[in-house]
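From first to last, the protein sequence lines are chains A and B.
Every letter in the first sequence is one number past the one before it in the working numbering, and letter 186, counting from 1, is 191.
Every letter in the second sequence is one number past the one before it in the working numbering, and letter 133, counting from 1, is 135.
Structure record follows, encoded as structure tokens.
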Amino acid sequence: MIGTQQSRKNSLTSLILVAVMLAAVVVLDQVIKPTDSMSMLLKVLQKGSIYALAAVSMNLLNGFTGLFSLGHAGFMLIGAYTYAIFTIPSEARDVVYQYYDAAIRISFPEVLGNALGPVGTLVGVVLAVIAAGLAAAVIAWLIGLPVLRLKSDYLAIATLGFAEVVRAVFQWGKLGPVTNGSNPLKSFVRINAFQLKLGGTTISLTTFVPVLLATVCIAFIVLLVNSTYGRSFKAIRDDEVAAEAMGINLARHKMLSFCVSSFFAGVAGAGMAMVLGIAQASNFKSAMTYEILLMVVLGGIGSISGSCIGAMLFIAASEWWLRGLDSGVFLGINAPGIFRNGFRLVVFSVIIMIVVLFFRKGIMGDRELPDLLKKRPGKGAAGK
Amino acid sequence: MSTILKVENATMQFGGVVAVDNLNLEVNEGEIVALIGPNGAGKTTAFNVITGVYQPTNGAVYFQGERIVENHPQGKLKKLYKGEHAGEYTHVLAPTPDHITKLGMARTFQNIRLWKSQTVFDNVLIAMHCRTHANFLAASFRFNRKEEREQRDRVAGLLETVGLYDVRNELATSLPYGKQRRLEIARALATAPRLLLLDEPAAGMNPQETQELTAFIGEIRDSFHMTVFLIEHHMDLVMDISDRIYVLDFGKLIAQGTPEEIQNNKRVIDAYLGVAEDA
Ligand SMILES: Nc1ncnc2c1ncn2[C@@H]1O[C@H](COP(=O)(O)OP(=O)(O)OP(=O)(O)O)[C@@H](O)[C@H]1O
Ligand SMILES: [Mg+2]
Chain A
6 MIGTQQSRKN SLTSLILVAV MLAAVVVLDQ VIKPTDSMSM LLKVLQKGSI
56 YALAAVSMNL LNGFTGLFSL GHAGFMLIGA YTYAIFTIPS EARDVVYQYY
106 DAAIRISFPE VLGNALGPVG TLVGVVLAVI AAGLAAAVIA WLIGLPVLRL
156 KSDYLAIATL GFAEVVRAVF QWGKLGPVTN GSNPLKSFVR INAFQLKLGG
206 TTISLTTFVP VLLATVCIAF IVLLVNSTYG RSFKAIRDDE VAAEAMGINL
256 ARHKMLSFCV SSFFAGVAGA GMAMVLGIAQ ASNFKSAMTY EILLMVVLGG
306 IGSISGSCIG AMLFIAASEW WLRGLDSGVF LGINAPGIFR NGFRLVVFSV
356 IIMIVVLFFR KGIMGDRELP DLLKKRPGKG AAGK
Chain B
3 MSTILKVENA TMQFGGVVAV DNLNLEVNEG EIVALIGPNG AGKTTAFNVI
53 TGVYQPTNGA VYFQGERIVE NHPQGKLKKL YKGEHAGEYT HVLAPTPDHI
103 TKLGMARTFQ NIRLWKSQTV FDNVLIAMHC RTHANFLAAS FRFNRKEERE
153 QRDRVAGLLE TVGLYDVRNE LATSLPYGKQ RRLEIARALA TAPRLLLLDE
203 PAAGMNPQET QELTAFIGEI RDSFHMTVFL IEHHMDLVMD ISDRIYVLDF
253 GKLIAQGTPE EIQNNKRVID AYLGVAEDA
């Protein structure tokens, strides 16, 4: 009864908006040529959408459940490697694992592609992405058993430590046959492999694929957050004692949030591998976790649209808009003396500090985009 | 009339401090029973033992005829233990509070603990989560529409009952004190309890609000077939609605009986009522 009609209308509107956005991405992918100066926009969309997924999944845990965890890079690493390992084609495997005798020799897209054609290849990729999420979720479950009992600061330290251990383990020579040691994994299925052949024309789906992946996953997280389970997460965040007294099993719900968050961190890791075309443990340092945390804070802790905006702005600023600060020309000003390597980071840090100072609660606070049109619940919003 | 709650030889010791000392009490189905006593007497601690927030140092708690909590002094407390009945309990039964809530016991808090970022409506709705059957995937994909609609209808009904339906879309913490206490009661009722524990439901209320609350607690008992066990300092309220009263002082039970018996009990007047009259 209450609000269902309204919410149905809202979800229909969101659905249409998302469809329009996805269509626009496909169009942009065809119109913008790799040599255009606007091709950076595509790069930003590809990387930004994956980071948006990472930020939203972190927000589920840190923002919605109130569990301050810093293990994200670790779970993304697990996801990236799982995806890469299961999508490297067999003819490339021995070249990739040049110093080791590869232990895992199955490629999902290849096996299914041989059996079912192009659709099989696609299913294989999807399965590898799901496997990436599941691998991260299973590890999360294992470390969650001891770690989730810890209180906030200790939880952050323990998960941070966990991520560092994961990075070390994946670079460990003894595991080389599986992880390729400290050498990168390459040659697996990347985003530029996705094309649609319609008659004579080829439609590139390079940007569409990561955006679609992120959209589907974020949509699920939105559904979860607005379900009875998501409401319980927020109750745990607001007051754990009251939540437990009202029958919410803390251990189970914290574990659920942790595993779902890690699942999507793993999927984001897979997406990252697809976008970059390389999976290497040394890329998943804790600095990556901090970057994602910054996106969450910039966007607003407890706001999913905020995390998406935060991630897109962050990636756009660091990879595109502020590029000139490192390479001599910025906003038409040619000053190679000032605008040289490293200056971008300085400016970037200052901007972030300013944003954090003036938007204490991030760009969105704990609101979502549709809320901007509505009045905030609180004093005076009574009635209706 | 059957016993719904029984506390047996319960002692709660924090280090060397004995907050509840060998407490024995029973609450029967359909009764309104009060637990009174001076500040720091151990009333809230007794509630915390009953609801699983604290594990008693020694003793047991029975709910609906079943032993739900049991403990005996262990580890460091073995030496420190000052209470009685030390050797009588051998098992350890320590369910978490959510488990006890699911058995059918719900409570409110002395220092209001509403979920502050949630609306009035959602505060009550979230309390129904413990009765949800859908798993997280089913709930995310909205396969539980029917269940959720029923829950929302029940929340609306509950809010009508406590007179908060008009403010359902406001943030819980934006309500005045008295309404927040009512909301806590509605939230506790949303977990579908058989026994309702209220920790100072009238604290901070003016005389008129207190009177309304007194009537309301009676209504809850009658219309929800509820058993109510409450802690309260407002003696008007306590004497008005209680079937029986337990009096706690320095963790020990010093008296029990009907309101008339308690009002005329010399020990209670000395330890508590006399002081309350002055204050
Ligand atoms: N977690 C704890 N650790 C140590 N001591 C505690 C703890 N909880 C309660 N106590 C002590 O137990 C005693 C009883 O406290 P309790 O809160 O149960 O009193 P109360 O009867 O509810 O008082 P009031 O009427 O003021 O609410 C107090 O001396 C208190 O300091
Ligand atoms: Mg108290």
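Glycine included, every Cβ here is placed at the ideal spot set by N, Cα and C.
Computed from a predicted model, the values in this text were never measured in an experiment.
Is B/E202 near ligand 2 - that is, is its Cβ less than 8 Å away from at least one heavy atom of it? Mapped onto the second sequence, residue 202 of chain B falls at position 200. Yes, ligand 2 has a heavy atom inside 8 Å of this Cβ.
8 Å CB neighbourhood of A/V302 in its chain, flanking five on each side removed: If you number the first sequence from 1, residue 302 of chain A lands on position 297. Contacts found: G315, V361, G367.
Any heavy atom of ligand 2 closer than 8 Å to the CB of B/I233? Translated into positions along the second sequence, residue 233 of chain B becomes position 231. Answer for B/I233: yes, Cβ within range of ligand 2.
Taking 9 Å as the threshold (C-beta atoms), are B/Q265 and B/R246 in contact? Looking up residue 246 of chain B in the second sequence gives position 244. Looking up residue 265 of chain B in the second sequence gives position 263. Taking 9 Å as the Cβ cut-off, B/R246 and B/Q265 do not qualify as a contacting pair.
If we ignore side chains and look at the alpha-carbon of each, how far apart do A/A120 and A/F167 end up? The count along the first sequence starts at 1 and reaches residue 120 of chain A at position 115. The count along the first sequence starts at 1 and reaches residue 167 of chain A at position 162. Spanning the two alpha carbons is a distance of roughly 40 Å.
For A/L150, would you say it is in contact with chain B, using Cβ-to-Cβ distances shorter than 9 Å as the test? Within the first sequence, the letter at position 145 stands for residue 150 of chain A. Not an interface residue.
State the CB to CB distance for the pair A/T294 and A/A78, rounded to an integer number of angstroms; the pair is presumed to be in contact (CB under 8 Å). Along the first sequence, one-based indexing puts residue 294 of chain A at 289. Along the first sequence, one-based indexing puts residue 78 of chain A at 73. At roughly 4 Å, the Cβ-Cβ gap stays under 8 Å, so A/T294 and A/A78 are in contact.
Less than 8 Å separating the Cβ of B/A48 from some heavy atom of ligand 1? In the second sequence, counting from the first residue as 1, residue 48 of chain B sits at position 46. For ligand 1, at least one heavy atom lies less than 8 Å from the Cβ of B/A48.
Is the number of C-beta pairs between the stretch 154–166 of chain B and the stretch 92–101 of chain B that are closer than 8 Å three or more? no
To which residues of the same chain is A/L218 closer than 6 Å at the C-beta, ignoring the five residues directly before and after it? For this step, residue 218 of chain A is matched to residue 213 along the first sequence. The residues are G276.
Does DSSP put B/D251 in a helix, in a strand, or in coil? Working through the second sequence from its first residue, we reach residue 251 of chain B at position 249. In the structure shown, B/D251 sits in a strand (DSSP, three-state: E or B).
Would you mind sorting B/E72 into buried or exposed? The rule is 16 or more other CB atoms within 10 Å of its CB. Within the second sequence, the letter at position 70 stands for residue 72 of chain B. Looking at its Cβ environment, which holds 16 or more other Cβ atoms inside 10 Å, B/E72 is buried.
Where DSSP assigns a beta bridge to B/Y64, which residues make up the other side? As a position in the second sequence, residue 64 of chain B is number 62, starting the count at 1. Answer is B/K8, B/R69, bridged to B/Y64.
By the criterion of Cβ-Cβ separation under 8 Å, what are the contact partners of A/R236 in chain B? Translated into positions along the first sequence, residue 236 of chain A becomes position 231. Result: Q120, D124, L127, I128, H131.
Run through DSSP, which three-state label would B/D224 get? Here residue 224 of chain B refers to the residue found at position 222 when the second sequence is read from its first residue. It is helical.
I'd like to know if A/R242 contacts chain B, where contact means its C-beta is closer than 9 Å to some C-beta of that chain. What you label residue 242 of chain A is simply residue 237 of the first sequence in a count that begins at 1. Yes, A/R242 counts as interfacial toward chain B.
Run down chain A in chain order and give the residues with a C-beta less than 7 Å from the C-beta of B/A141. Working through the second sequence from its first residue, we reach residue 141 of chain B at position 139. Those within 7 Å of B/A141 in chain A are S232, T233, Y234.
What whole-angstrom Cβ distance do B/L177 and B/V169 have, given they're in contact under 8 Å? On the second sequence, residue 177 of chain B is found 175 positions in, with the first residue counted as 1. On the second sequence, residue 169 of chain B is found 167 positions in, with the first residue counted as 1. The Cβ separation is near 6 Å, so the contact holds.
Following a CB-centred definition, is B/K45 positioned closer than 8 Å to any heavy atom of ligand 1? Residue numbering aside, residue 45 of chain B sits at position 43 when the second sequence is read from its first letter. Yes; taking the cut-off as 8 Å, the Cβ of B/K45 has a heavy atom of ligand 1 nearer than that.
Could you check which residue in B/P261, B/G42, B/E68, B/K148 has the C-alpha nearest to that of B/K254? As a working note, residue 254 of chain B is residue 252 in the second sequence. Checking every option, the nearest Cα to that of B/K254 belongs to B/G42.
Examine chain B for any beta-carbon lying closer than 9 Å to the beta-carbon of A/I253, and answer yes or no. Your numbering for residue 253 of chain A matches position 248 in the first sequence. Yes, its Cβ sits closer than 9 Å to a Cβ of chain B.
Does the beta carbon of A/V61 come closer than 9 Å to any beta carbon on chain B? Numbered from 1 along the first sequence, position 56 holds the residue referred to as residue 61 of chain A. No, A/V61 does not count as interfacial toward chain B.
What's the gap between the Cα of A/L20 and the Cα of A/V227? Sequence index remark: in the first sequence, residue 20 of chain A carries index 15 (1-based). Sequence index remark: in the first sequence, residue 227 of chain A carries index 222 (1-based). About 12 Å.
Would you mind working out which of A/S112, A/A145, A/V25 sits nearest A/G125, comparing C-alpha positions? Residue mapping note: residue 125 of chain A aligns to position 120 of the first sequence, counting from 1. Per the Cα distances, A/S112.
Just tell me which of B/E152, B/Q120, B/Q57 has its CA closest to the CA of B/H343. Residue 343 of chain B is absent from the model: chain B starts at 3 and stops at 281.
Option in A/V194, A/M81, A/Q103, A/P151 with minimal Cα separation from A/V130: As a position in the first sequence, residue 130 of chain A is number 125, starting the count at 1. Of A/V194, A/M81, A/Q103, A/P151, the residue nearest in Cα terms is A/V194.
Rounded C-alpha distance that separates A/V265 from B/D224: Numbered from its first residue, the first sequence carries residue 265 of chain A at position 260. Numbered from its first residue, the second sequence carries residue 224 of chain B at position 222. Their backbone Cα atoms lie some 44 Å apart in a straight line.
Indicate the three-state DSSP secondary structure (helix, strand or coil) for B/D245 in the structure shown. Along the second sequence, one-based indexing puts residue 245 of chain B at 243. DSSP places B/D245 in coil when its eight states are reduced to three.
Just the chain B side, please: which residues come within less than 7 Å of A/F225 by C-beta, in chain order? As a position in the first sequence, residue 225 of chain A is number 220, starting the count at 1. Those are S142, listed as they occur along chain B.
Taking 8 Å as the cut-off, is the C-beta of B/L250 nearer than that to any heavy atom in ligand 1? Within the second sequence, numbered from 1, the residue matching residue 250 of chain B stands at position 248. Checking the Cβ of B/L250 against ligand 1 gives yes.
B/Q112: beta carbon under 8 Å from a heavy atom of ligand 2? Walking along the second sequence from the start, residue 112 of chain B turns up at place 110. For ligand 2, at least one heavy atom lies less than 8 Å from the Cβ of B/Q112.
Can you list the residues of chain A that B/K104 reaches, using a CB-CB cut of under 7 Å? Taking the first residue of the second sequence as 1, we reach residue 104 of chain B at position 102. Within 7 Å Cβ-Cβ: G252.
Measure from the C-beta of B/L116 to each C-beta in chain A and report whether the shortest distance is under 9 Å. On the second sequence, position 114 is the one that residue 116 of chain B refers to. Taking Cβ atoms only, chain A reaches closer than 9 Å to B/L116, which makes this a yes.
Helix, strand or coil for B/N26? Go by DSSP, reduced to three states. Working through the second sequence from its first residue, we reach residue 26 of chain B at position 24. Of the three classes helix, strand and coil, the one that applies to B/N26 here is strand, per DSSP.
If the criterion is Cβ atoms closer than 9 Å, does the pair A/W326 and A/K48 meet it? Taking the first residue of the first sequence as 1, we reach residue 326 of chain A at position 321. Taking the first residue of the first sequence as 1, we reach residue 48 of chain A at position 43. No; because the gap between Cβ atoms is not below 9 Å, this pair is not in contact.
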